[in-house]
Ligand code: FES
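Numbering (the numbering used here), first residue to last: 263 to 656.
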């Protein structure tokens, strides 16, 4: 039986070989110019696009929304509500990239004259790009942007149909996008947003959220500050409050400032929610790396020399022990591809040839093999000695 099957296989293979050879012989000598599958892929995932600022308008006393369209007038690529855009800013000749969750909905990009929007709050003295967007960016400015990145979106095969969004500050933006898409009828899920702010003046997109409230979208504002006339919920997004608004099988999506993540991990744990029902948006670049477990505090004031190899080119740059390799590279005007700046996407994957480093544990999105072969995500790695690294040529 086995011999018979083997001979049949050999016979079949030789027939296929003959057919292929004859197809080659009879093929047209004119090279194929069209690449229809490649064209579709490029249309849907075009990478960095040139965008133009079409409008800038306030959405709270402390935040502005910026609207972008494509510079070439073509349609924007599709994305999921909850995903982010990576934008490149040229600030005084220094190219710096930042990720921003899209606050506009996917359907607004799909329509004729489609657009995408981000919403950015003024910094509290710790974010020069946030201040640049709020104070200096103007209508007509051109930027490069990569639309539709990240994993923070509703996936019906994975998530419960009922989603509770736990948002703090500007972390409301991905949920604003989801709420718009639901209200438009093109996203089939139920969304309850528990939105924590310090004061009512801090609430971002308040009017827009109120206009989206419907039988599938509910918004509950929670103030932690002392505001005497406030009649809504007070305090923090505690386990009791989350439980009060939870109905049945629910997925919890969390986006907000880094301090909120730590607090909410504890509150969610009290409710015994299964891990698969909890999703955190990426953590963002660590505000103060010295506060993370295992960071060697005795190195905090050191400045090291990092030798950067790109092809045959080599540069030596200074790098502070408290700043990521990406920040050191950008400061030295060396281009490295970035998107999430949270250790998740791998765009800034870098080979370490020599030297010691610390990786932020909240942002260590490396694969096991990358750890074994001494690769880091440069946005989440901090030098602890002089180093030699090899980065891809952009
Ligand atoms: S930019 Fe995404 S991992 Fe570094």
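All residues carry an ideal CB built from backbone N, CA and C; glycine is no exception.
- Only residues of its own chain outside the window of five on either side were considered, and among them 481 have a CB closer than 6 Å to the CB of residue 471, listed in chain order.
- Counted as a single uninterrupted DSSP element, the alpha helix (DSSP H) harbouring residue 468 occupies residues 468–474.
- Between residue 484 and residue 457 the beta-carbon gap is near 7 Å, inside 8 Å, which marks them as a contact.
- Within the same chain, and ignoring the five residues on either side of residue 415 in sequence, the residues whose Cβ sits closer than 7 Å to its Cβ are 342, 343, 344 and 345.
- Out of 338, 510 and 581, the CA that lies nearest to the CA of residue 567 is found in 581.
- Inter-residue distance for residue 513 and residue 617 is about 42 Å (C-alpha atoms, whole angstroms).
- The residues 376, 377, 378, 379 and 442, in chain order, have a CB closer than 8 Å to that of residue 370 in the same chain once the five nearest residues on each side in sequence are set aside.
- With a threshold of 7 Å, the Cβ atom of residue 606 counts as near the ligand FES, since some heavy atom of the ligand is closer than that.
- Around residue 394, the same chain offers 351 and 353 as residues with beta carbons nearer than 7 Å, after the five sequence neighbours per side are excluded.
- Separation of residue 316 and residue 404 (C-alpha to C-alpha, rounded to the nearest whole angstrom) is 10 Å.
- Linking residue 294 to residue 286 through their CA atoms gives a straight-line distance of about 14 Å.
- Annotation: the continuous beta strand (DSSP E) that includes residue 426 extends over 424–430.
- Excluding residues up to 5 positions away in sequence, 427, 429 and 455 lie with their Cβ nearer than 6 Å to the Cβ of residue 437 in the same chain.
- Cβ contact annotation for residue 359 (same chain, cutoff 7 Å, sequence separation greater than five): 348, 349, 350 and 600, in chain order.
- For residue 319, the enclosing beta strand (DSSP E) begins and ends at 311–322.
- The residues 425, 427 and 541, in chain order, have a CB closer than 6 Å to that of residue 515 in the same chain once the five nearest residues on each side in sequence are set aside.
- Under a 10 Å Cβ-count criterion, residue 638 is classified as buried, with 16 or more other Cβ atoms of the shown protein chains found around its own Cβ.
- By a beta-carbon distance limit of 8 Å, residue 432 does not contact residue 583. Their separation comes to about 29 Å.
- Excluding residues up to 5 positions away in sequence, 514 lie with their Cβ nearer than 7 Å to the Cβ of residue 535 in the same chain.
- The shortest CA-to-CA distance from residue 334 to any of 406, 328, 382 and 322 is the one to 406.
- Relative to the ligand FES, even the nearest heavy atom lies 7 Å or more away from the CB of residue 437.
- With a cut-off of 7 Å, the C-beta of residue 603 is classified as near the ligand FES, since at least one heavy atom of the ligand falls inside that distance.
- Distances from the CB of residue 640 to the heavy atoms of the ligand FES include at least one below 7 Å.
- With a beta-carbon spacing of about 35 Å, residue 598 and residue 530 fall beyond the 8 Å limit used to define contacts.
- Contact between residue 504 and residue 533 is confirmed by a C-beta separation of about 6 Å, below the 8 Å threshold.
- Of the candidates 383, 357, 544 and 474, the residue whose Cα lies closest to the Cα of residue 411 is 544.
- Non-local C-beta neighbours of residue 492 in its own chain, meaning closer than 7 Å and more than five positions away in sequence, comprise 462 and 485, ordered along the chain.
- Closest in alpha carbon position to residue 392, among 570, 590 and 362, is 362.
- Cβ contact annotation for residue 563 (same chain, cutoff 6 Å, sequence separation greater than five): none.
- Counting only the Cα atoms, residue 453 lies some 12 Å from residue 421.
- Of the residues assessed, residue 289 falls on the exposed side of the cut-off, its CB having fewer than 16 other CB atoms within 10 angstroms.
- The C-alpha of residue 366 is placed about 28 Å away from the C-alpha of residue 487.
- Across the structure, residue 635 and residue 613 are spaced so that their CA atoms are roughly 8 Å apart.
- Note: residue 577 is bridge-paired with 570 in the DSSP secondary-structure output.
- Exclusion of the five residues before and after residue 596 leaves 570, 572, 577, 579 and 653 as the residues of its chain whose Cβ lies within less than 8 Å of its Cβ.
- Across the set 397, 292, 327 and 389, the C-alpha of 327 shows the shortest separation from the C-alpha of residue 364.
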